[in-house]
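Each residue of the sequence shown is one higher than the one before, counting from 15 in our numbering. Report on the structure given below.
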Amino acid sequence: MDERLKELCIEILNQNLDSQRFASLLIETGVVLDPSEWHFINKLIEKREELESHIKNSRRQPN
15 MDERLKELCI EILNQNLDSQ RFASLLIETG VVLDPSEWHF INKLIEKREE
65 LESHIKNSRR QPN
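Below, the structure written as structure tokens:
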């Protein structure tokens, strides 16, 4: 995988969609995202947040 594309994916996973770095990588890679792809990215972020919340809550509960 192209290194810049990999970095772009990491920015998406880290929810840095409003960062200057994300914008620069988007331009450098030439990736054009249509609305359905933005929707998919948002769904991935929501799932990540759900998983993080679940993991955090499961660690709080005593055995």
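Cβ coordinates follow ideal geometry from the N, Cα and C atoms, glycine included. Treat the numbers as computed from the prediction; the structure is a model and nothing was measured.
Q: Taking all protein chains shown into account, decide if L58 is buried (16 or more other Cβ within 10 angstroms of its Cβ) or exposed.
A: Indexing the sequence shown from 1 puts residue 58 at position 44. It counts as exposed.
Q: Measure the CB-CB distance between E25 and L47 and report whether it falls below 8 angstroms.
A: Here residue 25 corresponds to residue number 11 of the sequence shown, with the count starting at 1. Here residue 47 corresponds to residue number 33 of the sequence shown, with the count starting at 1. No, they are not a contact pair.
Q. Cβ atoms of T43 and R18: under 8 angstroms apart, would you say?
A. Against the sequence shown, residue 18 aligns to sequence position 4. Against the sequence shown, residue 43 aligns to sequence position 29. T43 is positioned such that its CB atom lies closer than 8 angstroms to that of R18.
Q | Same chain, Cβ closer than 7 angstroms to R35, five either side skipped, listed in chain order | A | Stepping through the sequence shown from its first residue, residue 35 is reached at position 21. Closer than 7 angstroms at the Cβ level, and outside the excluded window around R35, lie E25.
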